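Numbering (UniProt numbering), first residue to last: 1 to 982.
The beta-carbon is built from N, C-alpha and C at its ideal position, and this holds for glycine as well.
Values in this document were obtained by computation on a predicted structure and should not be read as measured data.
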């Protein structure tokens, strides 16, 4: 690695943190020359493409120990290398931006940003970053921050502080590696290049011996393509450099593992996503005092007071160190700073200010009213910026942020949007450019697309929009290109949304992505939008939202007023101030309660801890006016306490339990009374009752209480003796769902006519005395294949063979049993390893059903749908219209998604629903069938109703989570103009 190091002329304070872009700032006409540093000197750390051998990862016994080798000055080899490496990092210089005057390099001595621990939400100092956690040294540290909040700055400061022997960063060696500059080089190669630059040839031996006392700082995890980060992931997950400390910087919430990466790292093991021992958030410059200190470095105190007062309503915008730094550029042009309602408005003024400075300093005439964003008065610089924005977008999408030297990039560099770098190799030197900051070229990219849209250039809009939306999804909404475009559209927001309508399903599945999309839009433009409704889901989980999230609040109001938003899930951590009076959606409780003293109590939907007593939990449910709750009671002590609370506090009788699970031991009096009382008070809609052991219980009292309850609609029973006459009150009580597992079923009075319709969905498993079961005529039957064989053999005239229209097989031994049901419309099939997929395709083709539900349990590729496409192409006389495919979390293989989509495009079937499938946006838009089909968001419970199946049959994955709405895509032919599944 080769660099050009320069020393500072004067050494004064002036370190200011800003992310991904250092600059020297000189304000003309002021009393002070101010230098602002906010980025690493690229010429110092640029990685040169040279060939070198990989560094050894295990100790070679033939190597000498570096700690024993003494040089001519009696120094250890490793100590000499450390001194050279520290000298290397002490002399980092910062690149100069063209639109700022010559200044001076400053040492890195001051730091403004605040930090917060992810787990505890407590603020910490820079010096506490490496503090042990539970007496264990954190070996993997993730530091996240929004664009412009100082990630690169902090990474640089840590490196510099080590170089000057600050005590808090006590490592033998530190290597700072900007990941976006790897350019497919290995980490080992880079370390060796750094060592070569320090004139050290023994880095292999040194690093091997001191791995436990080495720090690797990786900056920009979100800035490298997935296909180039294999080695980085191995290091993060301790498959390489296991004993080294690794710190990685990344945009907030932008890191996740793909299924392919997970398989590559862990095989088929269901490992978690997280690699970090400690996670830290960069909050930016949240302190007003620190903002003032910074501004006073180059603006008169009285002026600072005026600025703070004028920007009071938008002051939080300048938590970003980058925007705080660039604010000065706008101020020196005398621009009005009172209308910075969004970052879009800020960058519009910034770009205009830079262009005006550029022309004035070069003696060119420019209208004082010049506005880059006014297309009614064309200017040649608009076309220049449009061309550069298009080039910048290509670079961003490819995660290659180096710009080769050309007439265009030289002009943009002179304007001040790029910084120059010089790479020196053994053969030649080469100049390239990089952005002052990623957000600046993101805004330039947005400007280019906005200009094309305004000038109506349809040949490029559709393809460009696919790339922009895909990048937005792949960065989990952290890319600012799409939000900047939405902000630039102003009152023509609907024009953009209409162009994006085919992508609305992906956004409606994640309400927070929709909020990010509109984060740069003014409230008035959101409220009057007519096309935004397609981007709003029917159910929103607000468990983690806060009242500070103004854009989310605006969308909640919009969704409620347009009637699309029906249900909002909250928990005990939800900031209820986010909900205004305009929101009329139904609120639903979603809480997880961990009872640490008396046993284990859980309220289902989200695994969020609620530490406290059971009475606190129940009172919270009443105080939030929730419509329904889900509760699990698992020990006699907890059940007894619950019973006592129900008797003693009438307020708690208002709670409706749409799901109540009770794990019983001996069905003691208190347990039985608790259950019966809740049913008598009509507080339970779905009761799940399961003994802890295989002991048969008499349930006469329970059955009669259940039959009298008007609210109880669904029951799951295990290992009990149950009388159908009592349970149905002689056939007058109708159940939506009745599930009997290893139960003894009797019927003390034979009433075949009344019992026929006593339940709609029936699930049975290993039932004794099937005589009582055949009295019923369910519409849906869920059971094992063997149960159907038994029914066919012993009761061939069972009327259920005529009444059942939906059949769910708990295991698969072929489809012969399905032919017994002459009116069968819907069939559920679990896909397991024993299945011959080709033979199954033939059986499905011969079976004249309308709806198919597949539960993919395979741990190998699924080829079934390829066989089906081939059969349907030869003979398409099937009645099949709808296919549902659900994929379990353990399945890491390709699930046949695009085979099913091809079947829709070829008119083999009409519609496909995907539940939790790996349905990647990029793969979809690049597929052959993208232009032939439309994708919408579908509602889980509506699908259950449409197919006439209970939610429990679709997937055991949702069995104990009745409040949860899984994310579902619906795919149909484009000629079907249904815009949204309801």
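Which word fits residue 25, buried or exposed, when buried means at least 16 other C-beta atoms lie within 10 angstroms of its C-beta? For this step, residue 25 is matched to residue 25 along the chain shown. Its pLDDT being 29, under 50, residue 25 is placed unreliably in this model, and the value from its coordinates should be taken loosely. Burial state of residue 25 is buried, judged by a 10 Å Cβ sphere holding 16 or more other Cβ atoms.
Can you check which of these residues, 833, 866, 508 and 839, is closest to residue 857 by C-alpha distance? Looking up residue 857 in the chain shown gives position 857. Nearest neighbour of residue 857 by Cα position, chosen from 833, 866, 508 and 839, turns out to be 833.
What are the boundary residues of the alpha helix (DSSP H) that includes residue 944? Numbered from 1 along the chain shown, position 944 holds the residue referred to as residue 944. First-last of the alpha helix (DSSP H) with residue 944: 940-947.
When we look at the beta-carbon of residue 164 and count the other beta-carbons within 10 Å, is it buried (16 or more) or exposed? Along the chain shown, one-based indexing puts residue 164 at 164. Residue 164 is exposed by the Cβ-count criterion.
Distance, Cα to Cα, residue 872 vs residue 908? To locate residue 872, count along the chain shown from 1; it is residue 872. To locate residue 908, count along the chain shown from 1; it is residue 908. Linking residue 872 to residue 908 through their CA atoms gives a straight-line distance of about 6 Å.
Run through the region 731-776 for me and flag every whole beta strand (DSSP E) of 3 or more residues, listed as ranges in chain order. If one requires a minimum length of 3 residues, the beta strand (DSSP E) runs lying completely within the region 731-776 are 735-741, 744-746 and 759-765, in chain order.
Look up residue 245 in the DSSP assignment and give the residues it is bridged to. Mapped onto the chain shown, residue 245 falls at position 245. Per DSSP, 215.
So which of 800, 787 and 792 has the shortest CA-CA distance to residue 809? The count along the chain shown starts at 1 and reaches residue 809 at position 809. The option with the nearest alpha carbon to residue 809 is 787.
On the DSSP bridge list, what partners appear for residue 783? Position 783 of the chain shown holds residue 783. Answer is 809.
Taking the continuous beta strand (DSSP E) assigned at residue 971, which residues delimit it? Taking the chain shown and counting its residues from 1, one reaches residue 971 at position 971. Where residue 971 is concerned, the enclosing beta strand (DSSP E) stretches over 968-973.
Closest to residue 850 by CA distance: which of 826, 415, 219 and 401 is it? Taking the chain shown and counting its residues from 1, one reaches residue 850 at position 850. The candidate whose alpha carbon is nearest that of residue 850 is 826.
Using three-state DSSP, classify residue 78 as helix, strand or coil. Along the chain shown, read from residue 1 onward, the residue named residue 78 stands at position 78. Helix.
Measure the C-alpha to C-alpha separation of residue 327 and residue 447 and round it to an integer number of angstroms. Looking up residue 327 in the chain shown gives position 327. Looking up residue 447 in the chain shown gives position 447. Spanning the alpha carbons of residue 327 and residue 447 requires a straight line of approximately 20 Å.
Cβ contact check for the region 147-154 and the region 226-243: 3 or more pairs under 8 Å: Flag = no, the region 147-154 and the region 226-243 do not touch.
Close Cβ partners of residue 470 (< 6 Å) along its chain, the five nearest in sequence each way excluded: Numbered from its first residue, the chain shown carries residue 470 at position 470. Within the same chain, 921 and 922 come within 6 Å of residue 470 by CB-CB distance, once the 5 residues on both sides are set aside.
DSSP state of residue 150 mapped onto helix, strand, coil: In the chain shown, counting from the first residue as 1, residue 150 sits at position 150. In this structure, residue 150 counts as coil in the three-state DSSP scheme.
Of the residues 393, 359, 217 and 186, which one's Cα is nearest the Cα of residue 467? Locating residue 467 in the chain shown gives position 467, where the first residue counts as 1. Out of 393, 359, 217 and 186, 393 has the C-alpha closest to the C-alpha of residue 467.
Residue 89 and residue 152 - do their beta-carbons sit closer together than 9 Å? On the chain shown, residue 152 is found 152 positions in, with the first residue counted as 1. On the chain shown, residue 89 is found 89 positions in, with the first residue counted as 1. Their beta carbons are not under 9 Å apart, which means residue 152 does not touch residue 89 by this criterion.
Find out if the Cβ-Cβ distance for the pair residue 619, residue 565 is shorter than 9 Å. Locating residue 619 in the chain shown gives position 619, where the first residue counts as 1. Locating residue 565 in the chain shown gives position 565, where the first residue counts as 1. No.
Please report how far the alpha carbon of residue 979 lies from the alpha carbon of residue 562, in whole angstroms. Within the chain shown, numbered from 1, the residue matching residue 979 stands at position 979. Within the chain shown, numbered from 1, the residue matching residue 562 stands at position 562. Bear in mind that a pLDDT of 40 at residue 979, under 50, signals an unreliable position, so the model cannot answer this.
Which residues in the same chain have their Cβ closer than 6 Å to the Cβ of residue 234, if we skip the five residues on either side of it in sequence? Your numbering for residue 234 matches position 234 in the chain shown. Cβ neighbours of residue 234 beyond the five flanking positions: 240.
Anyone know if the C-beta pair for residue 774 and residue 800 falls short of 9 Å? To locate residue 774, count along the chain shown from 1; it is residue 774. To locate residue 800, count along the chain shown from 1; it is residue 800. Yes; because the gap between Cβ atoms is below 9 Å, this pair is in contact.
C-alpha distance - residue 380 paired with residue 372, whole-angstrom precision: Stepping through the chain shown from its first residue, residue 380 is reached at position 380. Stepping through the chain shown from its first residue, residue 372 is reached at position 372. Taking the straight line from one Cα to the other gives about 10 Å.
Mind checking which residues open and close the alpha helix (DSSP H) that includes residue 924? Residue 924 sits at position 924 when you count from the first residue of the chain shown. Taken as a continuous stretch (DSSP letters only), the alpha helix (DSSP H) holding residue 924 covers 921-926.
Could you give the first and the last residue of the continuous alpha helix (DSSP H) run that contains residue 449? Taking the chain shown and counting its residues from 1, one reaches residue 449 at position 449. First-last of the alpha helix (DSSP H) with residue 449: 438-454.
What does the Cβ neighbour count give for residue 480, buried or exposed, with the cut at 16 atoms within 10 Å? Walking along the chain shown from the start, residue 480 turns up at place 480. That one is buried.
Drop a sphere of 10 angstroms on the beta-carbon of residue 766, count the other beta-carbons inside from all chains shown, and report buried for 16 or more, exposed for fewer. Here residue 766 refers to the residue found at position 766 when the chain shown is read from its first residue. Classification of residue 766: exposed, given that the 10 Å Cβ count is below 16.
Less than 9 Å separating the beta-carbons of residue 650 and residue 685? On the chain shown, residue 650 is found 650 positions in, with the first residue counted as 1. On the chain shown, residue 685 is found 685 positions in, with the first residue counted as 1. No.
Would you call the CB atoms of residue 824 and residue 865 closer than 9 Å? The residue given as residue 824 occupies position 824 in the chain shown. The residue given as residue 865 occupies position 865 in the chain shown. Not a contact, by the Cβ cut-off of 9 Å.
For a quick check, are the C-beta atoms of residue 173 and residue 207 less than 9 Å apart? Within the chain shown, numbered from 1, the residue matching residue 173 stands at position 173. Within the chain shown, numbered from 1, the residue matching residue 207 stands at position 207. A contact, by the Cβ cut-off of 9 Å.
Under DSSP, the beta strand (DSSP E) around residue 115 begins and ends at which residues? For the purposes of this step, residue 115 is taken as residue 115 along the chain shown, with counting starting at 1. Boundaries of the beta strand (DSSP E) around residue 115: 114-117.
Assuming residue 707 and residue 726 are in contact, meaning their beta carbons sit under 8 Å apart, how far apart are those beta carbons, in whole angstroms? The residue you call residue 707 lines up with position 707 of the chain shown. The residue you call residue 726 lines up with position 726 of the chain shown. About 6 Å separates the two Cβ atoms, so the contact holds.
Return the first residue and the last residue of the beta strand (DSSP E) that residue 181 is part of. The sequence position of residue 181 within the chain shown is 181, counting from 1. Run containing residue 181: none; DSSP gives neither H nor E here.
Simplified DSSP state of residue 713, which is helix, strand or coil: Here residue 713 is taken as the residue at index 713 of the chain shown, counted from 1. Residue state, collapsed to three classes: coil.
Start and end residues, beta strand (DSSP E) containing residue 239: For the purposes of this step, residue 239 is identified with residue 239 of the chain shown, where counting begins at 1. That residue, residue 239, is in no beta strand (DSSP E); it is neither H nor E in DSSP.
For residue 499, which three-state DSSP category applies? Locating residue 499 in the chain shown gives position 499, where the first residue counts as 1. Residue state for residue 499 is assigned as helix, using DSSP reduced to three classes.
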